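See below for the structure under consideration.
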Amino acid sequence: MAAASSRIRTRVLALITVSALAILLIGPPIHLTAPSFTFRSSNPACPTLPGKRVAIVEQTRYHDGESLYSYPAHADVIGTVAEVMTNLNTNFTLYRNELNDGFEQVLASPPRRPLNDLVAELTANALDVVVLVTCDAKFWVGRGAIIDAIHNSAASVLCIVHEVERWNYNGADALQLAPLAEEGRLGVLTLSQHSARAARRRLWLMARERREGFWEQVEVGWYAPIFTLSTDVVPKEPTRDPLVSRAAVLGRVHQSSRDYAGLFADLEAAIVAEPALWGYALVDGQLVALEPDAAFQLHLIGKYQPEQSALTIPPLLNGTAVILRSELEYVELYRAIRDMDVILPAFQGTNYLDARTSAAVPVAMIAKTPILAHPHLLDGYAYLAPPAYLFSSAATPEVASIAHFRREALRNASPALSAVTWEEYHARLHEENKCVWTAVLRAASGEDRVGGITGVSMDIPRWYL
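When we follow this note's numbering, the leftmost residue of the sequence shown carries the number 14, and every step to the right adds one.
Structure, rendered in structure tokens:
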């Protein structure tokens with residue numbers, strides 16, 4: 014890859030001219046200098062919970078791996094909870110009937126029992142903590158026996174909320190959780206800071222609407238949803254091509270998930286304006302790669318159902334600069350993401366910036382591939398820190414940002430890299446996750462109930478100031 018980048022750098026620098034059309038494509042001036050960041054030393058080690066009897070409960074097919082393809086939901090939450098429980102030295106069991114889409118190949122197999130065994134364990138008071146991986150009431154229809162057993166037990170309950178913007182929209186969540194909240198046995202967890210803020214507001218709303226003050230005492234925590242992949246799937250410390258030759262959009266390949274048509278139009282116009290910058294030559298109306306390893310490709314990774322919403326990929330890009338990759342098993346998925354230089358989240362609107370957490374961000378972090386991130390995204394996903402992102406200004410389109418990175422890489426044979434390694438970054442997050450879960454669990458066990466928000470502390474500057 015390095016030799017290919019060097020060859021194309023020599024050829025492209027002789028060819029690139031910044032035409033008036035290219036300037037129009039880029040739009041506003043590019044400001045891509047990220048605020049300064051200091052990777053502080055880790056907090057003192059948080060206490061572990063040896064011997065704590067924990068049930069990790071997942072009754073849906075959404076959060077063990079299928080979600081990235083079938084639904085616009087969160088990926089791999091089971092794996093993140095299992096890793097936290099392992100790091101806390103708990104005695105945990107996963108209550109779930111099966112794992113989907115080859116996910117068991119990337120997750121160290123946790124002790125697992127059928128979901129139906131949970132009622133007997135709760136009835137026998139054999140559990141100290143129940144973690145509801147998908148807590149939203151809409152996913153518990155028909156599972157009343159388990160909910161009743163949880164209510165009648167003495168276990169503390171940690172509730173991971175996903176569809177935060179809809180939480181308790183019809184009153185069902187409050188009915189399901191009220192006995193736990195009233196008894197001081199409930200803690201709420203989300204997968205990002207902005208989701209925690211939204212959940213806190215929903216709890217205040219429950220308190221006002223139901224005139225029940227105990228909702229205000231429920232502790233909310235947010236953590237970094239990552240777990241450690243086998244090095245057979247993702248290497249310990251991957252290397253990235255500073256030329257940014259491989260980018261991927263993660264998420265459902267559907268126009269409602271993001272503006273794919275606009276993305277394709279921007280990319281086609283940019284390549285036509287400066288084909289050499291992107292590693293191509295235009296020959297008889299077709300793209301020909303100058304160097305196959307260094308020619309830019311945009312990979313669409315996610316479930317694609319053309320019968321629901323067929324995408325029109327411009328013929329000039331289809332199969333050359335744009336590659337569709339659908340229905341991957343999970344080992345293939347993580348290897349595909351590992352091979353990318355940057356990930357573009359599939360966001361449409363602001364819901365995944367202000368309320369719900371996107372699957373694309375944690376999946377990229379797990380695979381050790383940076384996200385293209387602007388200030389709004391960094392403000393919500395506050396655990397993102399170098400080397401987990403490439404910074405772009407909010408005003409700069411994605412294609413223009415990638416063009417900037419390629420142009421800078423072509424000018425500089427040895428661009429600056431993050432001083433923090435992925436291994437160091439992940440180790441810090443795992444330690445912070447332990448602290449968050451311990452704090453929320455203490456509150457849900459009757460200790461330190463202040464009704465606050467506890468989260469990963471990364472000393473990231475306030476991006477919006």
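C-beta atoms are modelled at their ideal positions from N, C-alpha and C, and glycine is treated no differently. Note that this is a predicted model, so its numbers are computed, not measured.
* To do: Kindly indicate the opening and closing residues of the alpha helix (DSSP H) around residue 448.
  => In the sequence shown, residue 448 corresponds to position 435, counting from 1. From DSSP, the alpha helix (DSSP H) with residue 448 extends over 435 to 457.
* Asked: What three-state label does DSSP hand residue 262 in the structure shown?
  -> As a first step, residue 262 is located in the sequence shown; it is residue number 249 there, counting from the start. Residue 262 falls in the strand class under three-state DSSP.
* Asked: What do you reckon, are the CB atoms on residue 289 and residue 303 nearer than 8 Å?
  -> The residue you call residue 289 lines up with position 276 of the sequence shown. The residue you call residue 303 lines up with position 290 of the sequence shown. Contact flag set, yes.
* **Length at least 4, wholly inside the stretch 320 to 353: the alpha helix (DSSP H) runs in chain order** => Uninterrupted alpha helix (DSSP H) stretches at least 4 residues long and entirely within the stretch 320 to 353 occur at 343 to 351, given in chain order.
* Which residues mark the beginning and the end of the alpha helix (DSSP H) in which residue 162 is found? -> Against the sequence shown, residue 162 aligns to sequence position 149. That run of the alpha helix (DSSP H) goes 157 to 165.
* **Simplified DSSP state of residue 466, which is helix, strand or coil** => Along the sequence shown, read from residue 1 onward, the residue named residue 466 stands at position 453. The answer is strand: DSSP assigns residue 466 an E or B state.
* To do: Compare the Cα-Cα distances from residue 432 to each of 468, 243 and 399 and report the closest residue.
  => Position 419 of the sequence shown, counted from the first residue, corresponds to residue 432. From the listed residues 468, 243 and 399, the smallest Cα separation to residue 432 is found for 399.
* Indicate whether the contact test is met: 3 or more Cβ pairs, each with one atom in the stretch 162 to 179 and one in the stretch 134 to 152, closer than 8 Å. => Short answer: they touch.
* Asked: If you draw a straight line from the C-alpha of residue 42 to the C-alpha of residue 415, how long is it?
  -> In the sequence shown, the residue the question calls residue 42 occupies position 29. In the sequence shown, the residue the question calls residue 415 occupies position 402. Caution is warranted here: a pLDDT of 39 is assigned to residue 42, below 50, making its placement in the model unreliable, and the coordinate value is therefore given only provisionally. Going from the Cα of residue 42 to the Cα of residue 415 covers about 14 Å.
* To do: Evaluate residue 299 with the Cβ neighbour count: other Cβ atoms within 10 Å of its Cβ, from every protein chain shown; 16 or more gives buried, anything less gives exposed.
  => In the sequence shown, residue 299 corresponds to position 286, counting from 1. Exposed, by the Cβ-count rule.
* Provide the residue span of the alpha helix (DSSP H) that contains residue 280, from first to last. => Walking along the sequence shown from the start, residue 280 turns up at place 267. Residue 280 -> alpha helix (DSSP H) spans 273 to 286.
* Asked: So is residue 94 buried or exposed if we call it buried at 16+ other beta carbons inside 10 Å?
  -> As a first step, residue 94 must be located in the sequence shown, where it is residue number 81. Answer is buried; the Cβ neighbour count reaches 16.
* Tell me whether residue 275 counts as near the ligand ADP, meaning its Cβ is closer than 7 Å to at least one heavy atom of that ligand. => Questions concerning the ligand ADP fall outside what the structure shown contains, since it holds no ligand whatsoever.
* To do: Verify whether the separation of the beta carbon atoms of residue 378 and residue 312 is less than 8 Å.
  => Position 365 of the sequence shown holds residue 378. Position 299 of the sequence shown holds residue 312. No.
* **Segment limits, beta strand (DSSP E) that includes residue 100** => Your numbering for residue 100 matches position 87 in the sequence shown. No beta strand (DSSP E) contains residue 100, which is instead part of the alpha helix (DSSP H) from 90 to 100.
* Have a look at the DSSP bridge pairing and note the partners of residue 232. => Here residue 232 is taken as the residue at index 219 of the sequence shown, counted from 1. DSSP, once it has assigned bridges, lists 200 as partnering residue 232.
* Count the other C-beta atoms from every protein chain shown that fall within 10 angstroms of the C-beta of residue 182, then say buried if there are 16 or more, exposed otherwise. => Counting from 1 along the sequence shown, the entry for residue 182 is found at position 169. So residue 182 ends up on the exposed side.
* Whole-Å CB distance - residue 447 paired with residue 100, under 8 Å assumed -> The sequence position of residue 447 within the sequence shown is 434, counting from 1. The sequence position of residue 100 within the sequence shown is 87, counting from 1. Contact between residue 447 and residue 100 holds: CB atoms are separated by about 5 Å, below the 8 Å threshold.
* **Enclosing alpha helix (DSSP H) for residue 314 [first to last residue]** => The residue given as residue 314 occupies position 301 in the sequence shown. Careful: residue 314 lies outside any alpha helix (DSSP H), inside the beta strand (DSSP E) at 310 to 314.
* Inter-residue CB distance, residue 439 and residue 239 (contact presumed, cutoff 8 Å) -> Here residue 439 refers to the residue found at position 426 when the sequence shown is read from its first residue. Here residue 239 refers to the residue found at position 226 when the sequence shown is read from its first residue. Their Cβ separation, rounded to whole angstroms, is 6 Å, which keeps residue 439 and residue 239 in contact under 8 Å.
* Who are the near neighbours of residue 98 in its chain, counting only those whose CB is closer than 6 Å to its CB and skipping five residues on each side? -> One-based indexing of the sequence shown puts residue 98 at position 85. Within the same chain, residue 98 has close Cβ partners 67 and 105.
* Jot down the residue ranges of each uninterrupted beta strand (DSSP E) in the stretch 397 to 428, minimum 3 residues, whole runs only, in chain order. => The DSSP assignment places 402 to 404 as complete runs of the beta strand (DSSP E) inside the stretch 397 to 428, in order along the chain (cut-off: 3 residues).
* To do: Output yes or no for whether 8 Å exceeds the beta carbon distance between residue 233 and residue 220.
  => Looking up residue 233 in the sequence shown gives position 220. Looking up residue 220 in the sequence shown gives position 207. 8 Å or more divides the Cβ of residue 233 from the Cβ of residue 220.
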